[in-house]
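The structure appears below as structure tokens.
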Amino acid sequence: MEYRTLGNTGTVVSSQCLGTMTFGNESSEDVSHAQLDRFTERGGNFIDTANVYSRGLSEEIVGRWLAARPGVRDQLVIATKGRFPMGDGPNDAGLTRTNLSRALEASLRRLGVETIDLYQAHAWDPLTPIEETLGFFDDAVRAGKIRYAGVSNFLGWQLQKAALLTQFGGLAPIVTLQPQYNLLVRDIEFELVDVCCNENIGILPWSPLAGGWLTGKYTRDQVPTGATRLGEDPQRGMEAYAPRNEQERTWRVIDTVRQVAEGRGVSMSQVALAWVADRPAVTSVILGARTLEQLDDNLGAADLHLSEKESALLTEASSPIVSDYPYGAPGVQQRSRALPLSS
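Residue numbers in the sequence shown follow my numbering, run continuously in steps of one, and reach 346 at the last position.
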């Protein structure tokens, strides 16, 4: 396992983070605990959860695992999130002080810890001034309830605004962004990656395997069946089979991942994880395994680095489809300027 600093902080985290969205839902408590054991045995020290994962059960499962292993807590960096509804009341959602104060206290209880290392806004809240949210984060850091603040699923302007407000207001900074990022979904490269590089914000990619698509388990023009996420629900959210199957780019990317994997003698999952782990500003890649076997395969990418040729093949095959301006070649060219070599 390799290690990196958590965004612009001195805290060190593993380059892979164990995501726990499957805990209490797709993974039983026994399987979840086995994943946590295996992950830490292999050197992983970064765990990510959220209050809405299995309606709090994911945090409780992690909390019971911690309680049964005295001393382990101090070796880990634990992250969770708040924003989405955990109740039916009008103030049971959002990035307000009202909701986040309750959500944070509840997460602390479920996890059984005194401090959460990274507390993240799970998504932007259009009803709450971001100043209110950032003020809450700063107060929570000063109170010792959280160590760092991060955000998830923000747009470029939202992240930039939050970063600047913390700087000019002397508030606890935003140290990480947790976005969807993989070979099939590279939209964060249009704006968010630049913001993160300029503001020293670490990227924590979720869904690095594109909901299983990059493992090679799905085939062209054959609707999935069986015990897989799409086999159980082919129309499952952003991972839905039909829309991605219709895109020629999907299969071009998958074929290239397979080509690189066969050349390396590793799994397609490991190739996809290695590619995203070495992208600019990426701090740690969030794994989302259902089974111990899947986790073992994912952990095989912990110290895998692709060659320049392999990475270039994947980057070219997965190039996002963009218009000429402002994100296409003319726009990129206009944003650059070379230093004169001489007078």
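Built from N, CA and C at the ideal position, the CB exists for glycine as well.
Which value, in whole angstroms, describes the spacing of the CA atoms of residue i and residue j?
i	j	result
ARG86	THR218	31 angstroms
GLY281	TYR328	First, the amino acid is wrong: residue 281 is Asp here, not Gly. The straight-line gap from Cα to Cα measures roughly 27 angstroms.
SER339	LEU39	45 angstroms
THR169	ARG150	15 angstroms
LYS312	ALA275	15 angstroms
ASN248	ILE257	11 angstroms
ARG145	VAL80	18 angstroms
SER270	ASN185	16 angstroms
TRP278	GLN161	27 angstroms
PRO227	TYR244	8 angstroms
GLN262	PHE193	27 angstroms
LEU317	GLY291	22 angstroms
GLN183	ILE191	8 angstroms
GLY205	SER345	37 angstroms
ILE349	GLN337	The shown model of the chain, from 4 to 346, leaves out residue 349, and the question about it has no answer.
MET89	ALA96	7 angstroms
ARG293	THR99	33 angstroms
ILE119	LYS84	10 angstroms
SER326	ARG252	16 angstroms
ASP91	PRO333	49 angstroms
THR14	ARG67	25 angstroms
ASP33	PHE171	47 angstroms
Considering only the beta carbon of each residue, do residue i and residue j sit closer than 7 angstroms?
i	j	result
VAL196	ALA284	yes
GLY47	MET4	yes
PHE139	LEU103	yes
GLY153	THR131	no
THR222	ALA320	no
TRP209	ILE289	yes
LEU295	ALA37	yes
ILE133	ALA165	yes
LEU302	ARG45	yes
PHE49	SER35	no
THR52	GLU63	no
Cα-Cα, which of the options is closest to residue i?
i	options	result
LEU114	LEU130, ILE133, TYR56	TYR56
PHE157	ALA37, ALA146, GLN181	GLN181
GLY214	CYS200, GLY205, ARG239	ARG239
GLY268	THR253, SER287, ALA166, ASP300	ASP300
LEU137	ALA126, PRO176, HIS125, ASP120	PRO176
ARG72	MET24, LEU298, SER326, THR43	THR43
LEU298	THR23, GLY13, ASN11	THR23
GLY173	ASP142, SER155, ASN203, ARG41	ASP142
GLY147	ALA126, GLY159, LEU121	LEU121
GLU135	THR101, GLN225, ASP306	THR101
Within 10 angstroms of its Cβ, does residue i collect 16 or more other Cβ (buried), or is it exposed?
i	result
ASP128	buried
HIS308	exposed
GLN163	buried
CYS20	buried
GLN123	buried
SER17	buried
PRO93	exposed
ASP77	exposed
VAL116	buried
CYS199	buried
GLN250	exposed
ALA341	exposed
GLN273	buried
ASN54	buried
PRO211	buried
Where do the ends of the beta strand (DSSP E) carrying residue i lie?
i	result
ARG150	149-155
ARG7	6-8
ILE81	80-85
PHE49	49-51
Could you give the residue range of the alpha helix (DSSP H) that holds residue i?
i	result
ASP95	Here ASP95 belongs to no alpha helix (DSSP H), and DSSP marks it neither H nor E.
LYS164	159-172
ILE204	That residue, ILE204, is in no alpha helix (DSSP H); it is neither H nor E in DSSP.
GLY266	251-267
ALA37	32-44
VAL55	Unbroken run through VAL55: none, as it is neither H nor E.
GLY331	Note, GLY331: premise wrong, no alpha helix (DSSP H); not H, not E.
ASP120	Unbroken run through ASP120 is the beta strand (DSSP E), 119-124; no alpha helix (DSSP H).
VAL144	133-145
THR179	Unbroken run through THR179 is the beta strand (DSSP E), 177-181; no alpha helix (DSSP H).
Checking contacts by CB at 7 angstroms: is residue i closer than that to chain D?
i	result
LEU21	Here there is only one protein chain, and chain D is not present.
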